[in-house]
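Asks:
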Amino acid sequence: MMKNGVVVITGASSGIGKSTAEYLSKKGFTVYALARRMDKLEDLIPLGIKPLFLDVTNETSIKVAIEEIYEAEGRIDVLFNNAGYGLYGPIEDVDLKDARDQFEVNLFGLANMIKHVLPIMRKQGSGKIINTSSIGGKVASLLGGWYHASKFALEGFSDSLRIELKQFGIQVVLIQPGLIKTEFMQRTYDYASKIDTTSPYQNTIAHVMKSAERDYLTGKVGSNPLVVAKVVYKAIRAKRPKTRYRMGTLSFIALTARKILPDKWLDYILLKR
Numbered sequence: 001m002m003k004n005g006v007v008v009i010t011g012a013s014s015g016i017g018k019s020t021a022e023y024l025s026k027k028g029f030t031v032y033a034l035a036r037r038m039d040k041l042e043d044l045i046p047l048g049i050k051p052l053f054l055d056v057t058n059e060t061s062i063k064v065a066i067e068e069i070y071e072a073e074g075r076i077d078v079l080f081n082n083a084g085y086g087l088y089g090p091i092e093d094v095d096l097k098d099a100r101d102q103f104e105v106n107l108f109g110l111a112n113m114i115k116h117v118l119p120i121m122r123k124q125g126s127g128k129i130i131n132t133s134s135i136g137g138k139v140a141s142l143l144g145g146w147y148h149a150s151k152f153a154l155e156g157f158s159d160s161l162r163i164e165l166k167q168f169g170i171q172v173v174l175i176q177p178g179l180i181k182t183e184f185m186q187r188t189y190d191y192a193s194k195i196d197t198t199s200p201y202q203n204t205i206a207h208v209m210k211s212a213e214r215d216y217l218t219g220k221v222g223s224n225p226l227v228v229a230k231v232v233y234k235a236i237r238a239k240r241p242k243t244r245y246r247m248g249t250l251s252f253i254a255l256t257a258r259k260i261l262p263d264k265w266l267d268y269i270l271l272k273r
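So for the sequence shown, our numbering puts the first residue at 1; every next one is plus one.
1) Would you call Asn-106 buried or exposed, if buried means 16 or more other Cβ atoms sit within 10 Å of its Cβ?
2) Evaluate Gln-167 with the Cβ neighbour count: other Cβ atoms within 10 Å of its Cβ, from every protein chain shown; 16 or more gives buried, anything less gives exposed.
3) If we ignore side chains and look at the alpha-carbon of each, how far apart do Ile-352 and Ile-114 end up?
4) Let's test the definition: count the other Cβ atoms within 10 Å of the Cβ of Tyr-268 and tell me whether it reaches 16, buried, or not, exposed.
5) Is it buried or exposed for Asp-77, if we count other Cβ within 10 angstroms and need 16 for buried?
6) Pull up the CB-CB distance for Leu-179 and Gly-248, whole angstroms please, since I reckon it's below 8 Å.
7) Considering only C-alpha positions, which residue in the set Trp-265, Thr-243, Asn-224, Arg-244 is nearest to Ser-19?
8) Within a Cβ cutoff of 7 Å, which residues of the same chain sit near Leu-165, ignoring the five residues on either side of it in sequence?
9) Taking DSSP's pairing of strands, which residues face Phe-274 in a bridge?
10) Report the rounded CA-to-CA distance for Asp-43 versus Leu-34, giving the unit in angstroms.
11) Between the Cα of Asp-39 and the Cα atoms of Ser-199, Asn-203, Ala-12, which residue gives the shortest distance?
12) Output the distance between the C-alpha atoms of Ser-251 and Pro-177, rounded to the nearest integer angstrom.
13) What residues in its chain sit with their C-beta under 8 Å from that of Ala-277, if we drop five residues either side in the sequence?
14) Identify which residue in Val-6, Gly-15, Ser-14 has its Cα closest to the Cα of Tyr-32.
15) Out of Leu-41, Thr-57, His-207, point me to the one whose CA is closest to Pro-51's CA.
16) Beta carbon of Leu-54, beta carbon of Ala-65: below 9 Å?
17) Rounded to the nearest angstrom, what separates Met-209 and Leu-143 at their Cα positions?
18) Since Asn-112 is in the alpha helix (DSSP H), which residue starts that stretch and which ends it?
19) Looking at the structure shown, is Arg-246 part of a helix, part of a strand, or coil, going by DSSP?
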């Protein structure tokens with residue numbers, strides 16, 4: 001991958017997306033940082049990063065952004081699909097509209113970005129699509145049913161996509177971060193805390209929220225987003241990248257446990273956390 005290649009990053013207003021935009025820009029790439037919160041992108045401009053508005057759930061927004069980038073650059077070398085969030089709460093209690101919204105961002109919005117970029121990559125005979133999955137795309141946890149469903153779906157989607165695009169010289173990579181210090185946990189915590197207090201799952205909710213307060217919200221647990229940015233760079237530079245990269249706190253332990261432990265043993269461990 002050329003050092004001055006064009007990289008498009010969604011969900012670039014904070015966390016993994018923003019850190020990756022900064023890191024790749026320093027490495028010589030032309031970086032387009034896309035997000036809804038444009039005010040959060042302003043500090044990227046002095047770094048030479050080009051901010052654009054994007055709502056991944058809006059067809060017109062996607063079309064306009066991709067057309068603007070292609071008109072300016074004449075190519076798109078890398079699409080880093082990073083926009084996403086975690087919806088946490090008991091499956092029974094989560095409103096189905098909220099569950100559908102989760103899929104609109106985490107899967108269908110991502111798919112729509114790919115659909116708009118593929119004709120460009122196919123024409124140039126090359127390209128890389130990097131999708132942000134999670135250890136939560138392989139290992140399910142308490143209250144994460146809808147989030148995990150979206151990430152498990154993304155894993156299968158990306159596998160099929162990788163096979164389909166091989167003939168065009170387009171590569172597909174999944175990254176599977178563990179616990180990363182971003183706004184992710186705060187947002188999931190906020191949603192779970194709004195579940196009706198009459199819910200039969202209140203004890204479970206209290207248990208999970210206590211764990212979140214103790215470990216994640218205090219910053220005691222989690223890796224710096226830069227660890228993800230460095231892996232994304234590695235995948236971009238690799239002539240033959242891995243199909244999956246794991247990184248961050250608990251990623252190795254969680255994914256290894258999923259492979260070697262019986263389901264009921266893993267259930268027991270997750271219930272005790």
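Idealized CB from N, CA, C, for every residue including glycine. Given the structure is predicted, the values throughout are model-derived calculations rather than measurements.
Replies: Let me lay it out:
1) buried
2) Gln-167 is exposed by the Cβ-count criterion.
3) Only positions 1 to 273 of the chain appear in the structure, and residue 352 is not among them; the question remains open.
4) Classification of Tyr-268: exposed, given that the 10 Å Cβ count is below 16.
5) Burial call: buried.
6) 6 Å
7) Asn-224
8) Close CB contacts of Leu-165 within its chain, under the 7 Å cut and outside five residues either way in sequence, are with Val-172 (chain order).
9) Past the edges of the chain, shown from 1 to 273, lies residue 274, and the structure says nothing about it.
10) 13 Å
11) Ranking Ser-199, Asn-203, Ala-12 by Cα distance to Asp-39 puts Ala-12 first.
12) Between the alpha carbons of Ser-251 and Pro-177 lies a gap of roughly 6 Å.
13) Nothing about residue 277 can be read from this structure; the chain reaches only from 1 to 273.
14) Sorting Val-6, Gly-15, Ser-14 by C-alpha distance to the C-alpha of Tyr-32 places Val-6 at the top.
15) Among Leu-41, Thr-57, His-207, the Cα nearest to that of Pro-51 belongs to Leu-41.
16) yes
17) Approximately 10 Å between the Cα atoms of the pair.
18) Start and end: 110 to 124.
19) strand
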